[in-house]
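A.B. asks: Counting the sequence shown from 1 gives a position; this note's numbering is that position plus 1.
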Amino acid sequence: MIFARLMGPALFADLTLLLTLKLGVLSFLGALQFAFSENTAKQGNPKESKVKAHALSWHSLKISVPLMFVVIASANFFSSALNFSSPLALSLLALAIPFFLPMVIYRGLTQGLIDVPKIVLSIQTEWIFRLLGSLLLWKMGLGLPGIAVAVGLSIVAGFLFSTDKGDLDARKAALVTATHSESKTLGALALPYLILQVAQVLVLDSDIIIAKALFSAETAGLVAGLLLVQRVFFFAFLSCSTVLQPYVAKQKDGYETPKELFILLTGIVFISMMALIAIIPNSELVVKIMLGREYTPLASIVWISALTGAVFIISHLCAIYQIAKGHKLAAILVLIFGFLQLITLSTVNHLFSEMGLQSYFSIKLAIQTVCAACLIGTVMLTHLKTTTR
2 MIFARLMGPA LFADLTLLLT LKLGVLSFLG ALQFAFSENT AKQGNPKESK
52 VKAHALSWHS LKISVPLMFV VIASANFFSS ALNFSSPLAL SLLALAIPFF
102 LPMVIYRGLT QGLIDVPKIV LSIQTEWIFR LLGSLLLWKM GLGLPGIAVA
152 VGLSIVAGFL FSTDKGDLDA RKAALVTATH SESKTLGALA LPYLILQVAQ
202 VLVLDSDIII AKALFSAETA GLVAGLLLVQ RVFFFAFLSC STVLQPYVAK
252 QKDGYETPKE LFILLTGIVF ISMMALIAII PNSELVVKIM LGREYTPLAS
302 IVWISALTGA VFIISHLCAI YQIAKGHKLA AILVLIFGFL QLITLSTVNH
352 LFSEMGLQSY FSIKLAIQTV CAACLIGTVM LTHLKTTTR
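1. Is residue 193 near the ligand HEM, in the sense that its beta carbon is under 7 Å from a heavy atom of that ligand?
2. Quick check: the Cα distance between residue 316 and residue 366, rounded to an integer number of angstroms?
3. Let me make sure I understand the geometry here. Which of 209, 160, 198 and 37 has the alpha-carbon closest to that of residue 16?
4. Once DSSP output is grouped into helix, strand and coil, what is the label at residue 141?
5. Out of curiosity, what's the CA-to-CA distance linking residue 38 and residue 111?
6. Specify whether the segment 263-280 and the segment 296-314 touch according to this definition: at least 3 beta carbon pairs, one from each stretch, less than 8 Å apart.
7. When you compare the segment 147-164 with the segment 192-209, are there three or more beta-carbon pairs, one atom per stretch, that lie closer than 8 Å?
8. Considering only C-alpha positions, which residue in the set 322, 295, 243 and 283 is nearest to residue 304?
9. What number of angstroms, rounded off, separates the C-alpha of residue 113 from the C-alpha of residue 55?
10. Excluding the five sequence neighbours on either side, which residues of its own chain have a C-beta within less than 6 Å of the C-beta of residue 33, listed in chain order?
11. How long is the line joining the alpha carbons of residue 72 and residue 100, rounded to whole angstroms?
12. Does the segment 212-232 touch the segment 10-29, meaning 3 or more C-beta pairs lie closer than 8 Å?
13. Among 325, 75 and 290, whose alpha-carbon lies nearest the alpha-carbon of residue 197?
14. With the cut-off set at 8 Å, would you say residue 277 and residue 307 are in Cβ contact?
15. Mind checking residue 294: buried by the 16 CB within 10 Å criterion, or exposed?
16. Quick check on residue 57: buried or exposed, where buried means 16 or more other Cβ atoms within 10 Å of its Cβ?
17. In angstroms with no decimal places, state the Cα-to-Cα distance between residue 143 and residue 370.
18. Using C-beta distances below 6 Å, list every residue in its chain close to residue 400, excluding the 5 sequence neighbours before and after it, in chain order.
19. Is the segment 79-94 touching the segment 15-29 in the sense that three or more CB pairs, one from each, lie closer than 8 Å?
20. Using only alpha-carbon positions, find the residue among 358, 364 and 319 that is nearest to residue 383.
21. What residue range does the alpha helix (DSSP H) around residue 259 cover?
22. Look up residue 176 in the DSSP assignment and say whether it is helix, strand or coil.
23. Where does residue 220 fall in DSSP's three states?
24. Given this structure, state the Cα-to-Cα distance separating residue 162 from residue 355, to the nearest angstrom.
25. Starting from the Cα of residue 377, find the closest Cα among 363, 364, 332 and 340 and give me that residue.
26. Buried or exposed: where does residue 178 fall if 16 or more other Cβ atoms within 10 Å of its Cβ makes it buried?
27. As a quick exercise: from 249, 201, 3 and 281, pick the residue whose alpha carbon is nearest that of residue 336.
In structure tokens:
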């Protein structure tokens, strides 16, 4: 919201793309976070889980350090392909790549232990570092590269604040390496979550890539503004999955009631409805407050983007519930709708190049509404099959 005002639409689109790349990577790695969380919740042995977290974090450097150099070497290519104005910003953000995996592993540990204070501390520290650091470095005249440095440092802070002395003491334990079988087990647990995270990137993040590649700089900036509103609604409720997933994973086999899930969904629907009741009659004021006067053309569309974020979190939570219960196909269903959205919007934009943003985002909302209905249906169907056995 702050940088939408400071930058204006065109440059804000570049910032949104930079954060989208970072969020995309963390979304993919989030599969490992959920897998480690599920493993920790089921094992019920915090000490052993801490040792495994240290071992995996240490060995992840074998992958992340070479990847860091590959991204730095490819920064010019990616910037040219995506019409991004600052290859240096990409290179600076890449320096934080070695901390990405350790951060999600330790967040998976705290998630599996349902250590809510530490989860909150890690996430809030990361966001505060990112916001205040970005503002400081921007005001110092360092531009997008300065923001990239702040974002990278926020990842480091998120990792450090997801650990404590007990976690760091794990390095002194006898188990200093992850066995092949443990890594294989974790990989199997991570696969459905990875599929879900890929779907999340397709649904939430692909719009800015399409906009940067196909639209004018100003239109891409407006799309970035709409995505900000969408992300506000999605991430406002994402913490529900961090608690729901380990809670469901710890339940005994045969306990199939989705009561906890539907309590969360009811709360999300109620809060979203109250927010929309406030937004729709005051949409122009909301846009001016959140984004600034340059984004007032979005006034008639902002509620569509907000509702899309809320609808997708419903699909996300249903899929998380199903995966934690051992029903992996739910993730594939969300991914199918993600690809359907990407293909449909790309095709429609190609055939009807004059299509306005309202039609574009209305199609997206329609696809995601059908997706959410299907996911709720799969949860109910699974429950009915279990109760009739």
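We put the beta carbon where it would ideally sit given N, CA and C, even for glycine. Quantities reported herein were computed from a predicted structural model and do not represent experimental measurements.
C.D. replies: If we stick to the structure as given:
1. You won't find the ligand HEM in this model; it holds no ligand whatsoever.
2. 13 Å
3. 209
4. coil
5. 8 Å
6. yes
7. no
8. 283
9. 15 Å
10. 105 and 191
11. 15 Å
12. yes
13. 325
14. yes
15. exposed
16. buried
17. 42 Å
18. Shown here, the chain extends from 2 to 390; a query on residue 400 therefore has no answer.
19. yes
20. 319
21. No alpha helix (DSSP H) holds residue 259; DSSP gives it neither H nor E.
22. Residue placement at residue 176 is poorly supported in this model, since its pLDDT is 46, which falls under 50; the coordinates still yield a value, given next. Residue 176: coil per DSSP, three-state reduction.
23. helix
24. 48 Å
25. 332
26. Confidence is the limiting factor: at residue 178 the pLDDT is only 49, short of 50, which leaves the residue's position unreliable, though a coordinate-based value still follows. It counts as exposed.
27. 201
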